[in-house]
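Asks: For the record, the sequence lines run as chains Z and R. Residue numbering for the first sequence follows my numbering, starting at 28 and increasing by one per position. Residue numbering for the second sequence follows my numbering, starting at 57 and increasing by one per position. Once you've had a glance at the structure underneath, I'll fire off some questions.
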Amino acid sequence: MTEHDIVIIGGGPAGLAAADAARKAGIEDIMILEREAYLGGILNQCIHNGFGLHTFKEELTGPEYAVRYIKMIEEENIPYLLNTMVLDIGRDKVLTIINRGEGLTTIKAGAVILAMGCRERPRGALNIPGFRPAGIYSAGTAQRLMNMEGYEVGKEAVILGSGDIGLIMARRMTLEGARVKAVAELMPYSGGLKRNIVQCLDDYGISLKLSHTVVDIEGKERVTGVTLAAVDEKRKPIPGTEEHYTCDTLLLSVGLIPENELSKGAGVQLDEITSGPVVNDRLETSISGIFACGNVLHVHDLVDYVSEEASLAGTSAVSYVKPRKEKTPSSQIKIKAAGGVRYTVPQYLDAENMEDQVKVRFRVSDVYRDRYISVYFDSERVSHKKRKVLAPGEMEQVVLKKESLAKYPDLKQIVVCTEVE
Amino acid sequence: MEERELICICCPLGCPLTVRMENGGTTVTGNSCGRGAEYGKKEVLSPTRVVTSTVSIKGGDFVMVPVKTREDIPKDKIFDCMEEIRKALVSAPVSIGDVIIADCAGTGVSVIATRNVRKTEDI
């Protein structure tokens with residue numbers, strides 16, 4: 028068994044930023060474990076641009092954004108293991124790992140940072156009738172096949188779901204000479220960023236059919252066509268609205284789910300809404316010394332926010348391993364999502380030990396116009412800000428300040444909600 | 057006077073822009089930054105985009121190298137550029153920023169690599 032002060036599971040954007048922040052905060056002994064043959068995670072297949080506007084003040088492609096962080100890790104000589112899979116996080120933070128060189132080994136970690144990212148929701152979770160022919164891909168799988176492995180995934184496609192990966196793939200397939208016939212979205216609004224509707228669909232005349240879904244998939248060996256239908260407000264298909272599309276490919280861009288098998292095995296408490304760990308303002312999970320960041324914690328819309336969040340996980344892990352000051356007795360103030368706010372991350376705040384500022388990130392549950400985002404300390408409203416448009420596809424945030432919390436020593440609960448007025 | 061409503065694509069904020077064209081001049085409102093004002097103007101006069109894609113690479117630790125146009129190119133040249141990008145074939149090693157196609161499809165803009173690809177025998 029080897030030992031390391033901080034072990035980071037995952038060498039994608041979250042893991043790399045956490046490692047960089049932990050080293051800058053003064054910890055020498057860090058180990059990153061990555062199951063792929065390269066660092067950078069999902070950014071490697073996100074060859075489109077639009078990354079890094081917050082972090083680097085310039086527009087980068089995914090691989091370029093990844094390289095900036097990989098360079099930092101290499102310049103700081105932070106060790107990492109590639110082609111290495113973590114099988115289990117056991118008691119006392121002993122990790123069981125496996126790779127070709129060493130076989131099955133264990134690592135004892137002072138602190139663990141979970142940065143495993145997320146997975147795509149598969150067809151099996153959707154209950155679409157029809158055969159199971161070739162030609163049905165989750166959008167991210169198709170993206171990997173095209174951008175990293177150089178395959179053509181299909182010639183005529185229909186895309187179900189208007190998440191950002193689906194929109195990006197609509198453009199990507201069009202550029203590679205395929206015909207994308209329609210993007211169908213079950214909800215009455217898109218799940219992706221507005222800019223992607225413009226530059227991926229509108230630019231190429233691809234129609235976005237809101238409140239539509241796939242009701243049939245045809246083809247036995249290979250997809251030969253799909254049937255779309257409009258849905259009512261209960262998301263049930265409306266008979267008589269069926270439209271048939273011939274195609275050889277169906278892409279699914281129907282949501283991402285944090286990948287928490289390891290967290291579950293370790294006994295980390297998970298949030299039912301985010302499917303990620305429940306954390307406090309230091310991004311510490313229900314098990315002390317295990318931290319979480321990035322898409323394993325909750326699905327982000329921007330990698331820049333992942334990097335920022337992961338830096339906090341990195342510095343928090345450092346203060347756990349190397350406490351600077353005596354920890355004052357801690358409090359657990361619940362941060363509650365209400366009135367149109369689906370969830371918050373973090374879910375708890377420790378007012379005694381918090382940083383000067385804590386960012387609470389959240390998503391809303393519907394598209395709202397001219398609504399206020401409000402924060403309540405128990406029953407008192409302490410913040411009330413009007414927003415023109417709020418959409419579930421875009422992550423929002425409020426900032427809690429230590430100085431304002433100091434005025435409420437007996438605070439039990441913080442509520443983040445939307446309000447009409 | 058002509059007016060056009062646009063969604064800015066410069067960053068994920070996606071600001072709703074209104075571009076007014078009058079007497080040969082344009083004014084942009086609704087933007088939250090200078091990039092938005094510039095985008096609004098360009099989008100009504102001569103829209104441009106950065107094109108990203110991949111090019112096959114021989115003898116490297118990846119089989120495809122991701123590329124982009126170094127700057128934005130006229131929108132109506134996107135498919136001409138893609139045609140050249142699709143035909144291109146390069147050999148490893150390639151470094152970020154290396155020119156893969158100079159002056160792509162007569163746009164005067166080069167297509168450059170956006171990842172390092174190492175030669176297989178160097179690994």
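Cβ atoms here follow ideal geometry from the backbone N, Cα and C, with glycine treated the same way.
How about glutamate 63 of chain Z and tyrosine 107 of chain Z: are their beta carbons less than 9 Å apart?
Replies: Their beta carbons are not under 9 Å apart, which means glutamate 63 of chain Z does not touch tyrosine 107 of chain Z by this criterion.
Asks: Could you give the residue range of the beta strand (DSSP E) that holds isoleucine 441 of chain Z?
Replies: Counting along the chain, the beta strand (DSSP E) containing isoleucine 441 of chain Z begins and ends at 440–446.
Asks: Identify the residues that DSSP records as bridge partners of tyrosine 107 of chain Z: which are they?
Replies: According to DSSP, tyrosine 107 of chain Z bridges with Z:Ile59.
Asks: When we look at the beta-carbon of serine 343 of chain Z and count the other beta-carbons within 10 Å, is it buried (16 or more) or exposed?
Replies: Classification of serine 343 of chain Z: buried, given that the 10 Å Cβ count is 16 or more.
Asks: For a contact meaning CB atoms closer than 8 Å, what does glutamine 424 of chain Z contact in chain R?
Replies: In chain order: nothing, as chain R lies at least about 13 Å away.
Asks: If the criterion is Cβ atoms closer than 9 Å, does the pair isoleucine 125 of chain Z and threonine 111 of chain Z meet it?
Replies: Result yes, Cβ atoms of isoleucine 125 of chain Z and threonine 111 of chain Z sit closer than 9 Å.
Asks: Using the rule of at least 16 other Cβ atoms within 10 Å of the residue's Cβ for burial, across every protein chain shown, is alanine 161 of chain Z buried or exposed?
Replies: So alanine 161 of chain Z counts as exposed.
Asks: Buried or exposed for asparagine 154 of chain Z, please, with buried defined as at least 16 other CB atoms from any protein chain shown within 10 angstroms of its CB.
Replies: By the neighbour-count rule (16 or more Cβ atoms within 10 Å), asparagine 154 of chain Z is not buried but exposed.
Asks: What does the Cβ neighbour count give for proline 304 of chain Z, buried or exposed, with the cut at 16 atoms within 10 Å?
Replies: Buried, since its Cβ has 16 or more Cβ neighbours within 10 Å.
Asks: Where do the N-terminal and C-terminal ends of the alpha helix (DSSP H) with glutamine 170 of chain Z fall, by residue?
Replies: Its alpha helix (DSSP H) spans residues 166–174.
Asks: Run through the segment 374–443 of chain Z for me and flag every whole alpha helix (DSSP H) of 4 or more residues, listed as ranges in chain order.
Replies: Within the segment 374–443 of chain Z, the complete alpha helix (DSSP H) runs of at least 4 residues are 429–432.
Asks: Determine the chain R residues that contact isoleucine 69 of chain Z at a beta-carbon separation under 9 Å, and present them in chain order.
Replies: In chain order: nothing, as chain R lies at least about 13 Å away.
Asks: I'd like to know if the segment 63–78 of chain R and the segment 204–222 of chain Z are in contact, where contact means that at least 3 CB-CB pairs between them fall below 8 Å.
Replies: Short answer: they touch.
Asks: Since valine 94 of chain Z meets chain R, which of its residues come closer than 8 Å, beta carbon to beta carbon?
Replies: Within chain R, the residues near valine 94 of chain Z are Ile152, Arg171, Asn172.
Asks: Taking a cut of 8 Å between CB atoms, which residues from the segment 102–114 of chain Z lie near chain R?
Replies: Those residues of the segment 102–114 of chain Z that come within reach of chain R (Cβ to Cβ, closer than 8 Å) do not exist; the list is empty.
Asks: Use the C-beta contact count for alanine 365 of chain Z: other C-beta atoms within 10 angstroms, 16 or more gives buried, fewer gives exposed.
Replies: Its Cβ having fewer than 16 others within 10 Å, alanine 365 of chain Z is exposed.
Asks: Could you check what DSSP says for proline 103 of chain R in three-state terms: helix, strand or coil?
Replies: If DSSP states are grouped into helix, strand and coil, proline 103 of chain R belongs with coil.
Asks: Can you name the residues that DSSP bridges to lysine 114 of chain R?
Replies: Paired residue(s): R:Ser147.
Asks: Please list the residues of the segment 360–377 of chain Z that have a C-beta atom closer than 8 Å to any C-beta atom in chain R, keeping them in chain order.
Replies: So the list is empty, because no residue satisfies the distance condition.
Asks: Let me know if phenylalanine 158 of chain Z comes out buried or exposed under the rule of 16 or more other beta-carbons within 10 Å of its beta-carbon.
Replies: With fewer than 16 Cβ atoms within 10 Å of its Cβ, phenylalanine 158 of chain Z is classed as exposed.
Asks: Here's a check: name, in chain order, each residue in its chain whose Cβ is nearer than 8 Å to the Cβ of tyrosine 370 of chain Z, leaving out the five neighbours to either side.
Replies: Cβ neighbours of tyrosine 370 of chain Z beyond the five flanking positions: Asp298, Ile300, Thr301, His325, Ala364, Phe389, Arg390.
Asks: Taking the continuous alpha helix (DSSP H) assigned at arginine 249 of chain Z, which residues delimit it?
Replies: Here arginine 249 of chain Z belongs to no alpha helix (DSSP H), and DSSP marks it neither H nor E.
Asks: To the nearest angstrom, how far is it from the Cα of asparagine 287 of chain Z to the Cα of glycine 79 of chain Z?
Replies: Distance between the alpha carbons of asparagine 287 of chain Z and glycine 79 of chain Z: 27 Å.
Asks: Should lysine 261 of chain Z go down as buried or exposed, given a rule of 16 or more other Cβ atoms within 10 Å for buried?
Replies: It counts as exposed.
Asks: Return the CA-CA distance between leucine 237 of chain Z and proline 215 of chain Z, expressed in angstroms with no decimal places.
Replies: C-alpha separation (whole angstroms): 5 Å.
Asks: Using the C-alpha atoms, what's the distance from glycine 80 of chain R back to threonine 445 of chain Z?
Replies: Going by the C-alpha atoms only, they are around 44 Å apart.
Asks: Counting C-beta neighbours from all protein chains within 10 Å, is the total for isoleucine 265 of chain Z 16 or more, i.e. buried, or is it exposed?
Replies: Exposed, by the Cβ-count rule.
Asks: Would you check if the distance between the CB atom of isoleucine 168 of chain R and the CB atom of isoleucine 152 of chain R is smaller than 9 Å?
Replies: Yes, Cβ-Cβ distance for isoleucine 168 of chain R and isoleucine 152 of chain R is below 9 Å.
Asks: What are the start and end residues of the beta strand (DSSP E) that includes glutamate 78 of chain R?
Replies: Unbroken beta strand (DSSP E) run through glutamate 78 of chain R: 72–78.
Asks: What in chain Z is Cβ-close to threonine 85 of chain R, meaning under 8 Å?
Replies: Neighbours of threonine 85 of chain R on chain Z: none; closest Cβ ~14 Å, over 8 Å.
Asks: Report the partner residues of threonine 132 of chain Z according to the DSSP bridge assignment.
Replies: Partner(s): Z:Ile124.
Asks: Could you tell me the distance, in whole angstroms, from the CA atom of glycine 367 of chain Z to the CA atom of valine 121 of chain R?
Replies: Approximately 43 Å, taken between the alpha carbons.
Asks: Arginine 408 of chain Z: buried (16+ other C-beta within 10 angstroms of its C-beta) or exposed?
Replies: Exposed, because fewer than 16 other Cβ atoms sit within 10 Å of the Cβ of arginine 408 of chain Z.
Asks: Cysteine 160 of chain R touches chain Z at which residues, Cβ-Cβ below 8 Å?
Replies: Simply none; closest approach about 13 Å.
Asks: Express the C-alpha separation of isoleucine 59 of chain Z and arginine 171 of chain Z in angstroms, rounding to a whole number.
Replies: One C-alpha to the other measures close to 23 Å.
Asks: What do you get for glutamate 212 of chain Z, buried or exposed, if any count of 16 or more other CB atoms within 10 angstroms of its CB means buried?
Replies: Buried, by the Cβ-count rule.
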